[in-house]
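*Asks:* One structure follows; several queries about it will come next.
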Amino acid sequence: MRAPPTLLTTCILTLAACGCDAGSTGPDAEDRPLAADFPEVYRAGGSDAPDWAQFTRRGPVSFDGSGNLYVLDPFASQVVVIDPEGQLAGTIGQAGEGPGEFRFPYHLAVWRDGRLAVSDIARGTIHVFGPGGDFDRSVGAGTLPELIRPDPSADALYAQGSSGGGDEIDDYSIGRIDLSGDDVVSDLVLRAWRAPREDPPGEVSADDFLDSSGNVSAARMLMMGRALEGVFFEPTLRWDILPDGRVAYADSSAYAIKIVTPGGPEAEVLLRPIPPAAVTGGLRSAAIEREIDRYTELLEDQGGMPDEFREGIEERGFYPEVAVIRELKSTWQGGLWIRRPGEEPWDDEGPIDVFGPNRQYLGTLAAGTATMPDAFGPDGLVAYWEVDELDVPTIVVKRLTEELR
Numbered sequence: 356m357r358a359p360p361t362l363l364t365t366c367i368l369t370l371a372a373c374g375c376d377a378g379s380t381g382p383d384a385e386d387r388p389l390a391a392d393f394p395e396v397y398r399a400g401g402s403d404a405p406d407w408a409q410f411t412r413r414g415p416v417s418f419d420g421s422g423n424l425y426v427l428d429p430f431a432s433q434v435v436v437i438d439p440e441g442q443l444a445g446t447i448g449q450a451g452e453g454p455g456e457f458r459f460p461y462h463l464a465v466w467r468d469g470r471l472a473v474s475d476i477a478r479g480t481i482h483v484f485g486p487g488g489d490f491d492r493s494v495g496a497g498t499l500p501e502l503i504r505p506d507p508s509a510d511a512l513y514a515q516g517s518s519g520g521g522d523e524i525d526d527y528s529i530g531r532i533d534l535s536g537d538d539v540v541s542d543l544v545l546r547a548w549r550a551p552r553e554d555p556p557g558e559v560s561a562d563d564f565l566d567s568s569g570n571v572s573a574a575r576m577l578m579m580g581r582a583l584e585g586v587f588f589e590p591t592l593r594w595d596i597l598p599d600g601r602v603a604y605a606d607s608s609a610y611a612i613k614i615v616t617p618g619g620p621e622a623e624v625l626l627r628p629i630p631p632a633a634v635t636g637g638l639r640s641a642a643i644e645r646e647i648d649r650y651t652e653l654l655e656d657q658g659g660m661p662d663e664f665r666e667g668i669e670e671r672g673f674y675p676e677v678a679v680i681r682e683l684k685s686t687w688q689g690g691l692w693i694r695r696p697g698e699e700p701w702d703d704e705g706p707i708d709v710f711g712p713n714r715q716y717l718g719t720l721a722a723g724t725a726t727m728p729d730a731f732g733p734d735g736l737v738a739y740w741e742v743d744e745l746d747v748p749t750i751v752v753k754r755l756t757e758e759l760r
């Protein structure tokens with residue numbers, strides 16, 4: 356399936372401007388190897404960790420401008436703040452119904468000055484805290500977004516799937532959530548391309564993740580139903596916010612990253628001549644088998660997988676190509692890390708292309724030598740989650756070399 360016409364047009368113009376044609380293999384056609392030797396700064400967590408670092412799961416993490424790391428632990432209902440030396444700087448929030456307390460915190464956004472926002476799906480609110488962790492206010496959000504990023508220059512968030520004002524903003528759109536009032540005001544700033552379907556699936560809101568008693572375990576079954584309506588290998592919206600407030604995103608199977616001012620025209624398109632892989636019959640069979648195995652395990656304690664569920668997986672549609680871009684993240688200084696698929700489309704150990712703040716291609720971290728950081732911070736700090744053989748999580752902070760910052 357082709358990329359949207361507007362993207363193809365932009366790509367051709369960009370290639371022409373640099374003296375290339377659409378079929379050429381420029382200097383970036385082959386990977387330029389980069390070393391993945393990042394020295395470790397500290398680690399927190401694991402089975403022998405102090406009480407404050409006994410994380411219940413791998414939650415969202417983010418740095419502030421001083422190098423403090425904020426770790427959201429949803430099942431402990433708190434944010435743990437770790438200083439640049441790896442010591443506890445404090446905790447924010449606790450379980451409860453009072454001001455600044457959490458029922459089920461889900462997403463985290465941290466501004467460089469130390470302000471932070473935490474979405475609470477059980478309360479339908481976004482809690483805002485000032486620098487130092489003092490509670491500021493809660494903003495009623497109704498249906499909460501799937502992913503949030505701080506607006507670098509305002510009291511607002513950018514969000515994927517946010518819908519405080521209706522259904523206009525979905526999983527293929529980015530909205531801006533104004534946090535300055537008592538209730539969320541959400542405006543559409545970007546609508547990405549989506550592969551056309553004869554019967555588009557319905558959207559599942561964050562409110563639907565809860566049953567009448569507030570039990571979040573209902574989410575698993577709802578997400579399963581949603582998975583049955585999906586299309587294997589359909590390109591998703593992959594995006595991040597740059598330090599200057601622009602959005603970098605990919606929405607097709609091509610290696611094309613569009614960089615835009617929210618609400619404005621496309622400013623530039625970042626390309627590499629790496630084509631998407633075709634979906635073969637063997638890959639179709641492997642994808643179906645993998646999905647059946649995954650849900651068989653999930654449903655093992657609930658009476659097994661119904662025949663209708665298995666048939667639904669086997670009858671799901673397929674996008675004809677595997678997207679070249681698996682994940683996209685902005686660095687602290689505005690560079691981009693782009694992860695491609697590994698040997699298998701679902702492999703998380705694929706190569707990572709590194710681009711500098713000026714969009715120059717710096718090179719590629721080979722598959723298996725590095726994973727995408729969970730957070731980028733100042734002075735080259737990056738944070739990763741690791742788990743041991745018992746799935747006990749540890750947060751590991753490393754420092755990038757000057758070449759990769």
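Position in the sequence shown (first residue = 1) + 355 = my numbering.
Positions of the beta carbon are idealized from the N, C-alpha and C atoms, including for glycine.
Note that the structure is predicted; figures quoted are calculated from it, not measured.
#1: Identify the residues that DSSP records as bridge partners of Thr-480: which are they?
#2: Could you pull out every unbroken beta strand (DSSP E) segment of at least 3 residues lying fully inside the segment 420-481, listed in chain order?
#3: Label Gly-658 either buried or exposed according to how many other C-beta atoms from any shown protein chain fall within 10 Å of its C-beta, with 16 as the threshold for buried.
#4: Whether or not the segment 663-675 and the segment 421-428 are in contact is what I'm after, with contact meaning three or more pairs of Cβ atoms, one per stretch, closer than 8 Å; do they touch?
#5: According to the Cβ coordinates, are Trp-310 and Pro-733 closer than 8 Å?
#6: Three-state secondary structure (DSSP) at Gly-667?
#7: Would you tell me roughly how many angstroms separate the C-alpha atoms of Glu-589 and Ala-496, rounded to the nearest one?
#8: In terms of DSSP beta bridges, what is Asp-406 paired with?
#9: Locate the alpha helix (DSSP H) running through Thr-651, then write down its first and last residues.
#10: Less than 6 Å between C-beta atoms, sequence neighbours within five positions excluded: which residues of the same chain meet that for Phe-410?
#11: Quick check on Glu-758: does DSSP put it in helix, strand or coil?
#12: What distance in whole Å lies between the Cβ atoms of Arg-593 and Tyr-604, which are believed to be in contact at a cut-off of 8 Å?
#13: When DSSP builds the beta bridges, which residues end up paired with Gln-515?
#14: So, for Leu-755: in the same chain, excluding its five sequence neighbours on each side, which residues have a beta-carbon less than 7 Å away from its beta-carbon?
#15: Between Gly-487, Trp-466, Ala-431 and Pro-454, which has its C-alpha nearest Ala-444's C-alpha?
#16: If you follow the beta strand (DSSP E) that Phe-418 is part of, which residue opens it and which one closes it?
#17: Okay, do the segment 712-729 and the segment 644-659 touch, 3+ Cβ pairs below 8 Å being the bar?
#18: Would the beta-carbon of Arg-470 fall within 8 Å of that of Phe-484?
#19: Of the residues Glu-440, Pro-700 and Ala-721, which one's Cα is nearest the Cα of Thr-635?
#20: Within a Cβ cutoff of 7 Å, which residues of the same chain sit near Asp-648, ignoring the five residues on either side of it in sequence?
#21: Quick check: what's the CA-CA separation for Asp-538 versus Ile-481?
#22: Just to confirm my understanding: we take Leu-720, look at its own chain, exclude 5 residues before and 5 after, and list those with CB closer than 6 Å. What are they?
#23: What would DSSP say about Pro-748, mapped onto helix, strand or coil?
#24: Do you know whose CA, among Arg-645, Glu-440, Asp-526 and Ile-680, lies nearest Leu-626's CA?
#25: Leaving aside the five residues before and after Pro-631 along the sequence, list all residues of the same chain whose C-beta is less than 7 Å from its C-beta, in chain order.
#26: In angstroms with no decimal places, state the Cα-to-Cα distance between Leu-545 and Ser-640.
#27: Whose C-beta lies closer than 8 Å to the C-beta of Ala-622 among residues of the same chain, with five residues either side of it excluded?
#28: In the DSSP assignment, what are the bridge partners of Asp-703?
#29: Considering just the uninterrupted stretch of the beta strand (DSSP E) at Tyr-739, what are its terminal residues?
#30: For Val-673 and Val-586, I'd like the C-alpha separation in whole angstroms.
#31: Cutting at 7 Å between CB atoms, please list the residues of its own chain near Gln-433, excluding the five before and the five after it.
#32: Rounded to the nearest angstrom, how far is the Cβ of Leu-717 from that of Ile-612, given a contact under 8 Å?
#33: What residue from Glu-395, Phe-418 and Arg-412 has the CA that sits closest to Trp-687's CA?
#34: Quick check: the Cα distance between Trp-692 and Gln-515, rounded to an integer number of angstroms?
#35: Assuming Phe-490 contacts Pro-454 under a Cβ cut-off of 8 Å, what Cβ separation, rounded to an integer in Å, is found between them?
#36: Under a three-way DSSP split, which group does Pro-712 fall into?
*Replies:* Looking at the coordinates:
#1: Asp-475 and Gly-495
#2: 424-428, 433-437, 443-447, 460-465 and 471-475
#3: exposed
#4: no
#5: This structure cannot speak to residue 310, because the chain is shown only from 356 to 760.
#6: helix
#7: 29 Å
#8: Asp-406 is not bridged to any residue.
#9: 636-653
#10: Gly-400, Asp-428 and Pro-748
#11: helix
#12: 6 Å
#13: Leu-502 and Ile-529
#14: Phe-393, Gly-735 and Val-737
#15: Gly-487
#16: 416-418
#17: no
#18: yes
#19: Pro-700
#20: none
#21: 9 Å
#22: Leu-389, Ala-391 and Ile-707
#23: strand
#24: Ile-680
#25: Ser-608, Ala-609, Glu-676, Val-677, Ala-678 and Val-679
#26: 35 Å
#27: Arg-601, Ile-614, Val-615 and Thr-616
#28: Note: Asp-703 sits in no beta bridge, so no partner.
#29: 736-742
#30: With the sequence shown as reference, residue 673 is identified as Phe, and Val is not the correct amino acid for it. If you take the alpha carbons of Phe-673 and Val-586, they lie about 5 Å apart.
#31: Thr-446, Ile-447, Gly-448 and Gln-449
#32: Rounded, the Cβ-Cβ distance is 15 Å, inconsistent with contact.
#33: Phe-418
#34: 20 Å
#35: 6 Å
#36: coil
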